[in-house]
Structures are given as C-alpha cells and as structure tokens.
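Engineer: Residue numbering for the sequence shown is 407 to 591, as defined by our numbering.
Built from N, CA and C at the ideal position, the CB exists for glycine as well.
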Amino acid sequence: TVIVADPGMSAVYPAAFWKVPAAGRRFVTNYAMGALGYGLPAALGASFALPEETTVLNMTGDGSFGFVTGELETAARLGRNVKIVLFNNKSYGWIRATNRFSYGGRNFATDFVEVDYVKLAESFGLQAYRAYPKDSLHAVLPSFFRTKGPALLELPVPPEDECIPPVPEWAKKAEKLGMECPYWR
Numbered sequence: 407t408v409i410v411a412d413p414g415m416s417a418v419y420p421a422a423f424w425k426v427p428a429a430g431r432r433f434v435t436n437y438a439m440g441a442l443g444y445g446l447p448a449a450l451g452a453s454f455a456l457p458e459e460t461t462v463l464n465m466t467g468d469g470s471f472g473f474v475t476g477e478l479e480t481a482a483r484l485g486r487n488v489k490i491v492l493f494n495n496k497s498y499g500w501i502r503a504t505n506r507f508s509y510g511g512r513n514f515a516t517d518f519v520e521v522d523y524v525k526l527a528e529s530f531g532l533q534a535y536r537a538y539p540k541d542s543l544h545a546v547l548p549s550f551f552r553t554k555g556p557a558l559l560e561l562p563v564p565p566e567d568e569c570i571p572p573v574p575e576w577a578k579k580a581e582k583l584g585m586e587c588p589y590w591r
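1. Looking at C-alpha atoms only, which residue of 484, 495, 476 is the closest neighbour of residue 529?
2. At the level of alpha carbons, what is the spacing between residue 496 and residue 503?
3. Keeping to the same chain, check which residues put their C-beta closer than 6 Å to that of residue 507; ignore five residues upstream and five downstream.
4. Counting C-beta neighbours from all protein chains within 10 Å, is the total for residue 548 16 or more, i.e. buried, or is it exposed?
5. Assuming residue 478 contacts residue 442 (C-beta within less than 8 Å), just tell me the rounded distance between them.
6. Measuring CB atoms only, is the segment 486 to 500 touching the segment 424 to 433, in the sense that at least three cross pairs come out at less than 8 Å?
7. Determine, using beta carbons only, whether residue 537 and residue 558 come nearer to each other than 8 Å.
8. Answer yes if the segment 452 to 467 comes into contact with the segment 407 to 417, meaning at least three C-beta pairs across the two stretches below 8 Å, and no otherwise.
9. Examine the ligand GDP and report whether any of its heavy atoms sits within less than 7 Å of the Cβ of residue 526.
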C-alpha cells in the first residue's frame, strides 16, 4: 500500500500514526506546500508507477476534494486500484482551527453546504461507501478494500477546532482552552 495524502488532517494522522512497512516512498504528501487538491491526481499517477495490484490510498479532506471532484471521471475511466478516503468535516477544518487557536475563533467562508459524496462518486461510476455512524467503519472497510478499481469511502468527522489533530502547537493551545487532546498523554 502507498498513501498519497492531501494537506491538512488527511496528512497529519497518517504522518503521526502509520508505520511504514518498508523503505521507499510509501507515504507521499505535499503537506508543507498546502496545495489543496493534490492527492487524487497524485494517487492516480502513483498507481501507474506501481504494480497494478498495489493499492494506492488517497487520503483527502472535503476541502481538498472540492478542487478535484472531476477527477472521479478520470479514476473511473482509468480503473486503477485507487481507494479514496474522504474525511468530511463540512468545512476547511484546518483554517477553522487556525482561526480558533490564533485569532479567537472568528470564521469566515470556512463551512460548506451538505454534499452527498457517496452519490457524487456513484454518479461517476465508482463504488462508494460511508462509515456512519462511526462504529460501522469495521463493517465497511473489507468491502471498500475488496472493490476492484477505484472506490470512495466517506468518513464524517468533526472539524479540527473540535477534535484536535496531533499537532504539538495546537495541543498546547487546546489544553489552555480546556480542550481534551488525547494524543499527548
């Protein structure tokens, strides 16, 4: 498996918790550049550099994904073994958290309208899944990974200003605000 992650929460969690099984490029991200929408096209490209049966996992947030939804057509047409895990927090969560921890929480143009990403992916011909409520994740994952060709898994999650990601600077600020930060215990 190779993980290609968009910036934001979708890169922070695998960077903090995924154990790379072998040397080589197994985790690819442009995290420091913050180029939203990088992940899916990069995952499709990576799939051509690997044996066809290799799973390329694109981890993306709904903010990043909004820049490249049309690439679902490309994914369907190419039929590569790319699995999209979409973290849906209905916002630019990273920006919301930055606003909260650095500017007192005033948000402007960070929240999204409701989007049914499962129907969107299905409209392009992909198999699509949603793990909600969260305890259904264990039931959905086997089908998601067994799907031949591209597939999408939507994971509804809280925004980063409500569920602190493993970012040391934010953890310190969150604890000062009385917010729980479970990764640092």
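Structural biologist: Quick look at the numbers:
1. 476
2. 13 Å
3. 576, 579
4. exposed
5. Not confirmed; about 16 Å, so no contact.
6. no
7. no
8. yes
9. Within the structure as shown, the ligand GDP is missing, as the structure has no ligands at all.
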